[in-house]
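Heads up, the thing below is written out as structure tokens.
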Amino acid sequence: MSQVPHLPRTITIADVAKAAGVSSMTVSKVLRGTGRIAAETRARVTRIAEELGYVPNRLAGSLSSQTSSLIGIVIPSIGDQVFAGILAGINEILNDKGYTAFIGESFFDPANELRIVHMMLTMKPAALILTGGIARDERTKHLLRQSGIRTVHLWDGDNPDLDVTVGFSHLKAGRLAAQSFLNAGLTRCAYIGSQLSRDLCAASRLQGYSSALAKHGASLQLKTDPNLPRSTETGYALTRALILQGETPQGIHYLNDAMAIGGLRYLLEAAIAVPDKVSVNGFNGTALIHALTTRLTSIEVPLNEIGRMAATAALASPEPCLQVPVDLIEIGLTEGNTVFADD
Numbered sequence: 014m015s016q017v018p019h020l021p022r023t024i025t026i027a028d029v030a031k032a033a034g035v036s037s038m039t040v041s042k043v044l045r046g047t048g049r050i051a052a053e054t055r056a057r058v059t060r061i062a063e064e065l066g067y068v069p070n071r072l073a074g075s076l077s078s079q080t081s082s083l084i085g086i087v088i089p090s091i092g093d094q095v096f097a098g099i100l101a102g103i104n105e106i107l108n109d110k111g112y113t114a115f116i117g118e119s120f121f122d123p124a125n126e127l128r129i130v131h132m133m134l135t136m137k138p139a140a141l142i143l144t145g146g147i148a149r150d151e152r153t154k155h156l157l158r159q160s161g162i163r164t165v166h167l168w169d170g171d172n173p174d175l176d177v178t179v180g181f182s183h184l185k186a187g188r189l190a191a192q193s194f195l196n197a198g199l200t201r202c203a204y205i206g207s208q209l210s211r212d213l214c215a216a217s218r219l220q221g222y223s224s225a226l227a228k229h230g231a232s233l234q235l236k237t238d239p240n241l242p243r244s245t246e247t248g249y250a251l252t253r254a255l256i257l258q259g260e261t262p263q264g265i266h267y268l269n270d271a272m273a274i275g276g277l278r279y280l281l282e283a284a285i286a287v288p289d290k291v292s293v294n295g296f297n298g299t300a301l302i303h304a305l306t307t308r309l310t311s312i313e314v315p316l317n318e319i320g321r322m323a324a325t326a327a328l329a330s331p332e333p334c335l336q337v338p339v340d341l342i343e344i345g346l347t348e349g350n351t352v353f354a355d356d
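Residue numbers (this note's numbering): 14 to 356.
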């Protein structure tokens, strides 16, 4: 968890009016799109409001304070088991403290994140929790700095951001996956994933995985797709494509457990023995939700703990404190029976 100072002051209509050289009433009309305002004045007020990071307080009429009991949370997808686990941890803390979460999905799109953050800020939340691993728009960062609202950077411990960072090293996670194969004596490895250009954390894990393999002289085949969902079906399809294109690798690491489950299904159908012929490991430790007799070897991530820590950080005092290490979250390899044991 890493913490840096932030700006506590919220930009008001009066600030915009002063900077634009007009009255507060004029600013209000421009922002509401009403009144007979000269086009030049309207453009100037709009530009200055954006530059200052002003967002309207839609709850001003019903709230006596400057913040509400709402906590805004932006995640890639609520349908992803990883973030469902994190949300469970967040809500455990928020419910106990009398706060309510409202959630937006970015789908790893910086423009979506910007739109959602702007909307959430109009509700004057007590804090915002944003998932890292996205190429965050500078306009989003500007809005957050100007808002004075406490912000928590979630999931990405390799790149601390915002006021507080709660996460772990995805580079380390990738190295752990590689070490699992290297310890088994495997030298021909592969990686299967998707949407790596959007999911920067997944890209970091691949970097850690590939660099660890290269360091020990192991080869690496890649089978990725820029757009396919990170699902069981995609894992099945990409594994099939990898196997049919030529030399079968000794070990395959998957972007997540869902894709690994799909890969295992294809290998089973193709009568390719796991782990005798091909070893498999995944990431995030969510494979227990699947009804499998096979126990997937995976990088275990304490999702609920991450959620609880993020919520606690969001509700903590806004006073600056000494920086502490980011990688407080412990991750490790959970041994299943899908990686060959080199005796």
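Just so you know, even glycine gets a beta-carbon here, dropped at the ideal spot from N, CA and C.
Below-8 Å beta-carbon distance, residue i vs any chain C residue
i	result
arginine 163	The chain labelled as chain C is not found in the depicted structure, where only one protein chain is given.
Where residue i falls: helix, strand or coil (DSSP)
i	result
tyrosine 204	strand
glutamate 126	helix
glutamine 234	strand
threonine 135	helix
glycine 345	strand
threonine 59	helix
isoleucine 147	coil
glutamate 260	coil
serine 193	helix
alanine 271	helix
alanine 286	coil
leucine 175	coil
alanine 304	Low confidence applies here, because alanine 304 scores a pLDDT of 46, under 50, leaving its location unreliable; read the following figure in that light. Three-state DSSP puts alanine 304 in coil, outside helix and strand.
threonine 23	coil
threonine 153	helix
leucine 277	helix
Inter-residue Cα distance where the pair is residue i and residue j
i	j	result
threonine 164	leucine 189	30 Å
proline 138	methionine 132	10 Å
glycine 230	glycine 117	43 Å
alanine 101	arginine 45	38 Å
alanine 215	histidine 266	12 Å
leucine 141	glycine 275	35 Å
serine 119	lysine 228	35 Å
glycine 170	leucine 184	9 Å
phenylalanine 296	glycine 98	14 Å
isoleucine 358	leucine 156	This structure gives no information on residue 358, because the portion of the chain shown stretches from 14 to 356.
serine 90	alanine 27	37 Å
cysteine 334	leucine 175	Model confidence at cysteine 334 stands at a pLDDT of 38, short of 50, so the residue's coordinates are unreliable; what they give is reported in the following sentence. Each residue's Cα considered, the two are about 14 Å apart.
serine 77	isoleucine 84	Annotation note: pLDDT 44 at serine 77 (below 50); position unreliable, no value reported.
arginine 51	arginine 218	For the record, residue 51 in the displayed sequence is alanine; it is not arginine. Going from the Cα of alanine 51 to the Cα of arginine 218 covers about 53 Å.
threonine 347	lysine 42	59 Å
proline 123	alanine 284	42 Å
methionine 392	valine 177	Since the first and last residues shown for the chain are 14 and 356, residue 392 lies out of range.
threonine 23	arginine 55	22 Å
glutamine 220	glutamine 159	34 Å
threonine 200	serine 232	6 Å
glycine 198	lysine 290	13 Å
glycine 259	aspartate 150	41 Å
valine 87	glutamate 126	7 Å
threonine 307	leucine 167	31 Å
glycine 161	arginine 211	28 Å
leucine 268	valine 293	11 Å
isoleucine 256	glutamine 263	11 Å
aspartate 213	glycine 146	It should be pointed out that residue 213 corresponds to leucine in this sequence rather than to aspartate. Using only the alpha carbons, I get a separation of about 4 Å.
serine 244	asparagine 104	25 Å
alanine 273	threonine 25	50 Å
proline 239	glycine 248	13 Å
DSSP beta-bridge partners of residue i
i	result
glutamate 118	Ile88
asparagine 388	Lying before the first or after the last residue shown, residue 388 is absent from the chain, which here runs from 14 to 356.
alanine 140	Ile84, Arg163
aspartate 169	Phe181
threonine 113	Leu83
Range covered by the beta strand (DSSP E) that runs through residue i
i	result
leucine 199	Counting along the chain, leucine 199 falls outside any beta strand (DSSP E), and DSSP gives it neither H nor E.
glutamine 94	Per DSSP, glutamine 94 belongs to no beta strand (DSSP E); it is in the alpha helix (DSSP H), 94-110.
Residue span of the alpha helix (DSSP H) that contains residue i, given as start and end
i	result
glycine 320	316-328
tyrosine 249	245-257
tyrosine 67	Where tyrosine 67 is concerned, there is no enclosing alpha helix (DSSP H), given that its DSSP letter is neither H nor E.
arginine 218	213-228
#### Entry: alpha helix (DSSP H) segments (min. 4 residues) lying fully within the segment 25-53
For the segment 25-53, whole alpha helix (DSSP H) runs of length 4 or above, ordered along the chain, are 26-33, 37-45.
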